[in-house]
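Numbered by full-length UniProt numbering, the letters in the sequence shown go through residues 1 to 471 in order. Virtual Cβ for every residue (Gly too), placed ideally from N, Cα, C. Since the structure comes first, as structure tokens, the remarks are kept for the end.
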Amino acid sequence: MMDVGEILDPLLLSRWQFGLTTLYHFLFIPLTIGMVLLVATLQTVWVRTGKLKYLHLTRLFGKIFLINFAMGVVTGIVQEFQFGMNWSDYSRFVGDVFGAPLAMEGLLAFFFEATFIGLWIFGWDKLSPRLHLATIWATAVGSVLSAYFILAANAFMQNPVGYEINEAKGRAELVDIGAVLLNPVAVTQFPHTIFASIMFAAAVMVATAAYHLSRKRHEDTMRTALKFGSFTSIGAFAGSALSGDQLGLVMVQTQPMKMAAAEALYKTTENASFSIFSLGTPDGAHEIFSIRIPYLLSFLSTHTFTGEVEGINDLQAQYVQDYGPGDYSPIIWITYWAFRWMIGLGVLGAMISVVGLWITRKGKNPPPWAWKVAIWAAPIPLVASLVGWIFTEMGRQPWIVFGLMKTEDGVSPNVTGLTVAISLLAFTLVYGALAVVEFKLIKKAAMTGPDEWDKHDDPENVDHSKLATVY
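Below is the structure:
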């Protein structure tokens, strides 16, 4: 049983706080990135075709995007403050490198995004349709750039490059910003993250359409949303799977321990199989029961069916020689199951879209339970992304910067466990309340649906002053 000292351990509480606030912040990021791209696409179709249903969808999902964007901004600000509050030793050691892409995100990408989102919100009645369309695409570009800079900062923690150690000052200093921005981990993680975000936004669109179609409301508009969202979800899953494969190859090269932990593979093995399911705790001692696909782990790791996959024990021995005594393996059961939940939930989300397209083909009305499945399936891609990030970050442990700094060495030395506990409790309560508000606002917007009109099909002739009142 843990005593008070262990409960109020600053390192433990700081890790919990950063983990919880990161996952909470990430509730909003995928929907923001994915939805702005879908809204921009819908508005493009409206401007090009003049079909009013695409304007209805643009306005509806644009409102959902704006609600989510506002919440993401608030939680993101708190996120970055923690580097100075709880992780000051980490910030002192790598701040010169880690801070560079974050500064670019704030001063360039976010400023760009915030400027054009304002023009999009208030420009309905002041800009021409094509110029107004350009503002939402500029917003989308800003969102995507923002994601890339943040992923580049995170990639440095996974695979530190572009730095040199200043022995006199005892810190890492930036020497090659190009290497940081073109880190192989960032380059491969970026499309994987974008496709996953699009998949979640598409699932929200499908759920909204299913709600209205189950009540026979806005049928023409919502059948379009259903098809658009379903096809987008399937395409995004394909992109996520392909980019995830490339990310896996890079992960094997930069963090082989993470792949070994993902399979609970303790011995270096050729012709390695992949276990879909393992009964019992995969501790490497013995296996009670498992379902395996022969050669798949070797293929995922090396793109050959006979490739060698390094095991935990061999890597542990190597790291002890390189970095000194210590346990260099992450918590195996978390990485093992997070990896499988990420893949399994992604596949499930895509399969629901495939089935949905099939049972609603040619305007058919599916059974009532199908609409409920589509509605309740909306969070599946989000949960897949969340457990994917748990795998990414927990699989890096015990390092906060792989090979350079352990997590225990990055925590602020003068922050007490009680201080962190109080702020953790405060964040949990405030964020919990904000989550309820966020969900209710998005739910209300989705359930209300679009305000449809019966005329002005020509996008050049739509009364934009009326559009402006939506926001």
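{"Asked": "Same chain only: Cβ atoms within 8 Å of H303, ignoring 5 sequence neighbours per side", "Found": "L249"}
{"Asked": "Where the beta strand (DSSP E) through W399 begins and ends", "Found": "399-401"}
{"Asked": "Option in W124, G403, V354, P256 with minimal Cα separation from N313", "Found": "P256"}
{"Asked": "Rounded C-alpha distance that separates L296 from G344", "Found": "16 Å"}
{"Asked": "T58 (DSSP reduced to helix, strand or coil)", "Found": "helix"}
{"Asked": "Beta-carbon separation (whole angstroms), A196 vs G229, contact threshold 8 Å", "Found": "Not a contact, Cβ separation roughly 15 Å."}
{"Asked": "Local conformation of R215 per DSSP, three classes", "Found": "coil"}
{"Asked": "Buried or exposed by the 16-neighbour rule on C-beta atoms within 10 Å, applied to P10", "Found": "buried"}
{"Asked": "Distance CB(A446)-CB(I67) smaller than 8 Å", "Found": "no"}
{"Asked": "Neighbourhood of G388 by C-beta, 6 Å cutoff - its chain only, sequence neighbours within 5 removed", "Found": "M342"}
{"Asked": "L247 and T208 closer than 8 Å at C-beta", "Found": "no"}
{"Asked": "Limits of the beta strand (DSSP E) - the one that N414 falls within", "Found": "Unbroken run through N414: none, as it is neither H nor E."}
{"Asked": "Alpha carbon of Y431 to alpha carbon of T22, nearest angstrom", "Found": "12 Å"}
{"Asked": "Proximity to G72 [Cα-Cα], best of M85, V180, F26, G50", "Found": "F26"}
{"Asked": "Per-residue burial, Y54 [other beta carbons within 10 Å of its own, 16 or more giving buried]", "Found": "buried"}
{"Asked": "4 or more residues per run - each alpha helix (DSSP H) lying fully within the region 113-161", "Found": "129-158"}
{"Asked": "Residue burial classification, Q321 (beta-carbon count within 10 angstroms, cutoff 16)", "Found": "exposed"}
{"Asked": "Contact set for L102: own chain, Cβ-Cβ below 6 Å, skip 5 residues either direction", "Found": "A153"}
{"Asked": "Other residues of its chain near D327: CB distance less than 8 Å, five sequence neighbours each side excluded", "Found": "Q316, P398"}
{"Asked": "Alpha helix (DSSP H) segments (min. 4 residues) lying fully within the region 299-360", "Found": "312-323, 332-359"}
{"Asked": "C-alpha distance - M351 paired with I194, whole-angstrom precision", "Found": "20 Å"}
{"Asked": "Contact under 8 Å by Cβ, I380 with L357", "Found": "no"}
{"Asked": "Those residues which DSSP pairs with E173 across a bridge", "Found": "E164"}
{"Asked": "Three-way DSSP call (helix, strand, coil) for R396 in this model", "Found": "coil"}
{"Asked": "Residue environment, N166, which counts as buried when at least 16 other CB atoms sit within 10 Å", "Found": "exposed"}
{"Asked": "Beta-carbon proximity list for Y90, same chain, < 6 Å, skipping 5 on both sides", "Found": "I400, G410"}
{"Asked": "Per DSSP, cross-strand counterpart(s) of R292", "Found": "S275"}
{"Asked": "Sufficient close CB pairs (3 or more, under 8 Å) joining the region 329-343 to the region 211-229", "Found": "no"}
{"Asked": "Closest residue to W369 among A210, F299, Q253 (Cα-Cα distance)", "Found": "A210"}
{"Asked": "Status (buried if at least 16 other CB within 10 Å, exposed otherwise) for A285", "Found": "Here the model assigns A285 a pLDDT of 48, short of 50, so the residue's position is not dependable, and the following value carries that caveat. A285 should be labelled exposed."}
{"Asked": "Bridge-paired residues (DSSP) for K406", "Found": "W399"}
{"Asked": "Among G363, F200, K362, L425, nearest to I375 - alpha-carbon criterion", "Found": "F200"}
{"Asked": "Backbone secondary structure at T268 - three-state DSSP", "Found": "coil"}
{"Asked": "Per-residue burial, A238 [other beta carbons within 10 Å of its own, 16 or more giving buried]", "Found": "exposed"}
{"Asked": "Integer-rounded CB distance, given that F69 should sit under 8 Å from L38", "Found": "With 8 Å as the limit, L38 and F69 do not qualify as a contact, their Cβ atoms being about 14 Å apart."}
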